[in-house]
Amino acid sequence: MAAKKAKGRSSRPSKSTARGGRMTYYFGKARTDGNGEQKQLLGGKGANLAEMTSIGLPVPPGFTITTNVCDAYYRDGRRLPAALMKQVASSVTMLEKETGKKFGDPVNPLLVSVRSGAAVSMPGMMNTILNLGLNDVSVKAVAEATGNRRFAYDAYRRLINMFGDVVMGIDHEHFEAAFDRIKKKYRVKLDTEVPEDGLVELCDAYEKVYRKHTRRSFPQEPLDQLELAIEAVFASWMTARAVRYRQVENITGLLGTAVNVQSMVFGNMGDDSGTGVAFTRDPATGENRFYGEFLINAQGEDVVAGIRTPLPVAQMPKWNKAVHGQLMQIKTKLERHYRDVQDIEFTIERGRLFMLQTRNGKRTGAAAVKIACDLVKERRISRDTALQRIPASDLTQLLLPSFDPAAKRTARVLTKGLPASPGAAVGKLAFTATEAASRGQDGEDVLLVRKETSPEDIDGMHAARGILTSTGGMTSHAAVVARGWGRCCVAGAGEVQINEKARKIIVGGRSYSQGDVISLDGATGEVMAGAVATTTPTLSGDFAQVMKWADSKRRLRIRTNADTPEDARRARAFGAEGIGLCRTEHMFFGDDRISAMRQMILAETLDAREKALRKLLPFQRRDFAGIFKAMDGLPVTIRLLDPPLHEFLPHNAASQREIARELGVTPARVKARVSQLEEANPMLGHRGCRLSVTYPEILDMQVRAIVEAALQCRRSKVRAMPEIMIPLVGSARELEMLRRRAEVTIDAVCRAKKVTRRPDIPIGTMIEVPRAALTADEVGQHADFFSFGTNDLTQMTFGFSRDDVNSFLPEYLRQEVLLRDPFESLDTNGVGQLVKTAVARGRGTVKGLKCGICGEHGGDPDSIRFCEGVGLDYVSCSPFRVPIARLAAAQAALSKA
Numbered sequence: 000m001a002a003k004k005a006k007g008r009s010s011r012p013s014k015s016t017a018r019g020g021r022m023t024y025y026f027g028k029a030r031t032d033g034n035g036e037q038k039q040l041l042g043g044k045g046a047n048l049a050e051m052t053s054i055g056l057p058v059p060p061g062f063t064i065t066t067n068v069c070d071a072y073y074r075d076g077r078r079l080p081a082a083l084m085k086q087v088a089s090s091v092t093m094l095e096k097e098t099g100k101k102f103g104d105p106v107n108p109l110l111v112s113v114r115s116g117a118a119v120s121m122p123g124m125m126n127t128i129l130n131l132g133l134n135d136v137s138v139k140a141v142a143e144a145t146g147n148r149r150f151a152y153d154a155y156r157r158l159i160n161m162f163g164d165v166v167m168g169i170d171h172e173h174f175e176a177a178f179d180r181i182k183k184k185y186r187v188k189l190d191t192e193v194p195e196d197g198l199v200e201l202c203d204a205y206e207k208v209y210r211k212h213t214r215r216s217f218p219q220e221p222l223d224q225l226e227l228a229i230e231a232v233f234a235s236w237m238t239a240r241a242v243r244y245r246q247v248e249n250i251t252g253l254l255g256t257a258v259n260v261q262s263m264v265f266g267n268m269g270d271d272s273g274t275g276v277a278f279t280r281d282p283a284t285g286e287n288r289f290y291g292e293f294l295i296n297a298q299g300e301d302v303v304a305g306i307r308t309p310l311p312v313a314q315m316p317k318w319n320k321a322v323h324g325q326l327m328q329i330k331t332k333l334e335r336h337y338r339d340v341q342d343i344e345f346t347i348e349r350g351r352l353f354m355l356q357t358r359n360g361k362r363t364g365a366a367a368v369k370i371a372c373d374l375v376k377e378r379r380i381s382r383d384t385a386l387q388r389i390p391a392s393d394l395t396q397l398l399l400p401s402f403d404p405a406a407k408r409t410a411r412v413l414t415k416g417l418p419a420s421p422g423a424a425v426g427k428l429a430f431t432a433t434e435a436a437s438r439g440q441d442g443e444d445v446l447l448v449r450k451e452t453s454p455e456d457i458d459g460m461h462a463a464r465g466i467l468t469s470t471g472g473m474t475s476h477a478a479v480v481a482r483g484w485g486r487c488c489v490a491g492a493g494e495v496q497i498n499e500k501a502r503k504i505i506v507g508g509r510s511y512s513q514g515d516v517i518s519l520d521g522a523t524g525e526v527m528a529g530a531v532a533t534t535t536p537t538l539s540g541d542f543a544q545v546m547k548w549a550d551s552k553r554r555l556r557i558r559t560n561a562d563t564p565e566d567a568r569r570a571r572a573f574g575a576e577g578i579g580l581c582r583t584e585h586m587f588f589g590d591d592r593i594s595a596m597r598q599m600i601l602a603e604t605l606d607a608r609e610k611a612l613r614k615l616l617p618f619q620r621r622d623f624a625g626i627f628k629a630m631d632g633l634p635v636t637i638r639l640l641d642p643p644l645h646e647f648l649p650h651n652a653a654s655q656r657e658i659a660r661e662l663g664v665t666p667a668r669v670k671a672r673v674s675q676l677e678e679a680n681p682m683l684g685h686r687g688c689r690l691s692v693t694y695p696e697i698l699d700m701q702v703r704a705i706v707e708a709a710l711q712c713r714r715s716k717v718r719a720m721p722e723i724m725i726p727l728v729g730s731a732r733e734l735e736m737l738r739r740r741a742e743v744t745i746d747a748v749c750r751a752k753k754v755t756r757r758p759d760i761p762i763g764t765m766i767e768v769p770r771a772a773l774t775a776d777e778v779g780q781h782a783d784f785f786s787f788g789t790n791d792l793t794q795m796t797f798g799f800s801r802d803d804v805n806s807f808l809p810e811y812l813r814q815e816v817l818l819r820d821p822f823e824s825l826d827t828n829g830v831g832q833l834v835k836t837a838v839a840r841g842r843g844t845v846k847g848l849k850c851g852i853c854g855e856h857g858g859d860p861d862s863i864r865f866c867e868g869v870g871l872d873y874v875s876c877s878p879f880r881v882p883i884a885r886l887a888a889a890q891a892a893l894s895k896a
């Protein structure tokens, strides 16, 4: 699968390239200038059109305007380079020679499409214009040349509509209103039922809409149309939907979009014509079967837009056996050539097949795994290539719940649509993208229900658990985007009647409103009433095979962040090789122990605190023993108490009174202690190792619990391997003091238990304060290991509060002040340099010092690549990201080799 990100920001083109150098690349029988390797220059679509032409496939000729021109357009204040249209005119002349048609000719006019195409696929996010070159005169020539007046005026009305919408910004609804008036006049319901004379009238009506909203006539000169269309495609690079899609997909480092100008072929010339979209293998499951759809007598955008529900490509032989046979041959040739699954677009004009696009097909995580394994079995690719083909983050989809078979057997199926993207989605109905985005951000599980989706719906689609459409097919916009994001999608559920204004649907004889819950099965297309129970998957089959291949290639060890035996067992089942972060504070919040914790915090003397800590000791010991058993024989890094004490006390008066009553103290005392513990900036306050310095008895209790649990496990033949981690160290002296105190406690427990063989318990620190990273040579003298707490290290390096960053970070990302959220993907230029410095200085003092990472970044593939590069020993992440980390670590090792 194509990578989602460019490898880095390409160098800016020189002024000569942008203003006077080569800006157009031709493809056709006469000559083909580009090739499939030039995606950064020609965009994915343009590069692949050139490549398909070169290998002899039937591709309508055309030319590509490079991404450098898009870059120049924005650098010059959204102005096209002065020399561009001269090169465009030259390319049009070549196109005229090859096709035997002329732009704007009143007898045999050349018509073209104008499409976008960035280096990384962005389906549906940028603009397309079809039938360009038609005008009031040439439309009559097309009608006469084809003997099909209806076709000619249908093509012209589409051009005026698209041009008005895309180029001039006229709301599509104005054109729809004009169309509705024509349909009412001729008493028909469907677009296809409007007679020829009605379409002629419609073109006149559309031109009036155009004049009304632009105060100018629809351009009759084809080169003027083309220049405006080229500029509109470049402008679409920065539309809100395109920018948002790049943010969601983490697409950075691109110059912009290319523009592809291609001679038109028509799928709407009658019942011997058609258009379709297909994948060489099933993009939902990975099954080796031709997967696609086509429409008879339609243009390509009709399939992708989801306006009509198309036919499965398996039915094509009934319509045209010869075309289907040719398409199957081309499908095989393309997959062998690219050695990957291809997403293709094709048009049949009067029984003649043309290829309009090929690209590596977007697929689900499950499909990516199966396809990679199958291509290895077929000896098309190596295991290493297979590992590098699977986007590590997409493995999340394989770990998502599926419906429990028993629960599903008793579920009430309301209807069945097309299984457009697999998964199990349960949620409340949302009827607009804005509503879905808002409710999703508030933590609500929502399902976006639409007649069909459009690129404007991107925010709502991303926020929704699943998507349900009443029209559209397996290759519609909703299906393609949902598969790319691992969202469950059921498309073309025609029995679902959607009333967006009333915020309700009618299906299966019942009405469901905004707050009602339904369930979607993206694997079967079933829509079910209510919330159907789900189950958690396991690693097996091709998934397990990929994990074995990954484990054989990676150097980094993979640990997990787990605070309970349940999480530990789950992570181990997913392949975790230890626990890199066990947060002890989470253990204090249970109903049976929070009272003792609060008693300790409210205590005013050492004796009172120690008395409360003695109550907590057995709870901690039991918790640790359970985790040691779950991780038998694997290391468990336990972080001593980290958060400030005020987090364990309530801040509202009613809860404070309740605690006072429970502990037998006055409410005033609780309130006073809460006030005493309040801090202006708790993130930088009395927390981490500072708690152990001021309240060393807390450290004593926790270390005692760790040692006693380890000794208890030893007696039970369980191999406990605890590691003690002291958080938030900023100076070597802090670690020296607290390490010595921990060692004394370990020895005291061993003496009390009459243990002759002292357990080996490494003691290390979290590097999360920049000063600790910069003085790692000193800190390392007292540490058995470093674990980088990159969440806090990022906060302190940037000066960002993770709790408040959303007040400005979205704007930073939009304006590209930052290219990535630094809390999701490690800032390698700043925070990463502190990590690199600390590793080098720490190992300069202690040869072979073990170093790992335990922040959220431990499960991010890009951050893992950095960790491999600086020589960390392990990464630690949440249980469900362990398989992702295993694959990402293998990919990092392979890219480094």
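When you line the sequence shown up against numbering that gives the first Met the number 0, it's residues 0 to 896, in that order.
Here a beta-carbon is modelled for each residue, glycine too, at the ideal position from N, C-alpha and C.
Chain-order list of residues whose beta-carbon lies under 7 Å from that of A884 (same chain, five-residue window excluded): So the qualifying residues of the chain are I557, G857, G858, I863, V874, C876.
Which residues DSSP lists as bridging R114, in chain order: T127, N259
Every unbroken alpha helix (DSSP H) inside the segment 614 to 665 [4 residues or more]: 652 to 662
Selected residue, minimal CA-CA separation from E678, among R718, R554, L644, R378: L644
For S453, three-class secondary structure by DSSP: Three-state result, S453: coil.
M0, DSSP secondary structure in three states: Caution applies to M0, whose pLDDT of 36 falls short of 50 and renders its modelled position unreliable; the value that the coordinates give is listed next. In the structure shown, M0 adopts coil according to DSSP, grouped into three states.
Option nearest E525 by Cα separation, candidates V506, L538, M237: V506
Inter-residue Cα distance where the pair is T898 and L886: The question about residue 898 has no answer, for the chain in this structure spans 0 to 896.
Through-space distance from R597 to G608, alpha-carbon basis: For the sequence presented, residue 608 should be read as Arg rather than Gly. When rounded, the distance between both Cα atoms is 10 Å.
Three-state class that DSSP yields for A297 in the structure shown: coil
Range covered by the alpha helix (DSSP H) that runs through F178: 171 to 184
G118 and Q246 closer than 8 Å at C-beta: In the sequence as displayed, the identity of residue 118 is Ala instead of Gly. With contacts defined as CB atoms closer than 8 Å, A118 and Q246 fail to qualify as a contacting pair.
Span of the alpha helix (DSSP H) around F865: 860 to 869
Cβ-based burial, H476 [other Cβ within 10 Å; buried from 16]: buried
Under 8 Å between C-beta atoms of G103 and N134: yes
Contacts around G27, its chain only, beta-carbon distance under 6 Å, and the 5 residues preceding and following it disregarded: A distance below 6 Å between beta-carbons, with the five flanking residues on each side excluded, links G27 to the following residues of its chain, in chain order: P60, E97.
Host alpha helix (DSSP H) of G160 (start-end): Before going further, note that residue 160 is Asn rather than Gly in the sequence given. It spans 148 to 161 - the alpha helix (DSSP H) in which N160 sits, taken as one unbroken run.
Whole runs of the beta strand (DSSP E) within the segment 379 to 419, excluding any shorter than 3 residues: 412 to 415
Closest Cα partner of E735 within the set D783, C712, I760, E722: Check the Cα spacing between E735 and each of D783, C712, I760, E722: the tightest is with D783.
Inside the segment 458 to 484 only - alpha helix (DSSP H) runs reaching at least 4 residues: 476 to 484
Rounded C-alpha distance that separates V141 from V106: Looking at the two C-alpha atoms, the distance is approximately 8 Å.
With 16 other Cβ atoms within 10 Å as the buried cut-off, status of S551: Exposed: under 16 other Cβ atoms inside 10 Å.
Buried versus exposed, by CB contacts within 10 Å (16 or more), T409: exposed
K14 versus L83: straight-line alpha-carbon distance, rounded: With a pLDDT of 35 at K14, under the threshold of 50, the modelled position of this residue cannot be trusted; read the value that follows with caution. Approximately 13 Å, taken between the alpha carbons.
CB of A204 within 8 Å of CB of I169, strictly: no
Sequence ranges, alpha helix (DSSP H) only - wholly within the segment 783 to 841, length at least 4: 789 to 797, 808 to 813
Simplified DSSP assignment, three categories, for E348: strand
Contiguous beta strand (DSSP E) assignments of at least 3 residues, all confined to the segment 225 to 269: Scanning the segment 225 to 269 for uninterrupted beta strand (DSSP E) segments of 3 residues or longer gives 256 to 262, listed from N- to C-terminal end.
CA-to-CA distance, L352 to G439, given in whole angstroms: 44 Å
Selection from V208, K332, D153 that minimises the alpha carbon distance to M268: D153
Exposure of V985, with buried meaning 16 or more beta-carbon neighbours within 10 Å: Here the chain comprises residues numbered 0 to 896, so residue 985 is not present and cannot be evaluated.
Assigned secondary structure, N319 (DSSP; H/G/I helix, E/B strand, else coil): helix
Nearest-angstrom Cα separation, counted from N296 out to V208: Approximately 27 Å between the Cα atoms of the pair.
Whole-angstrom distance between G35 and Y25, CA atom to CA atom: 13 Å
Inter-stretch contact (C-beta, 8 Å, three-pair minimum) for the segment 647 to 662 and the segment 731 to 748: no
Spatial distance of P769 from K670 (CA atoms): 35 Å
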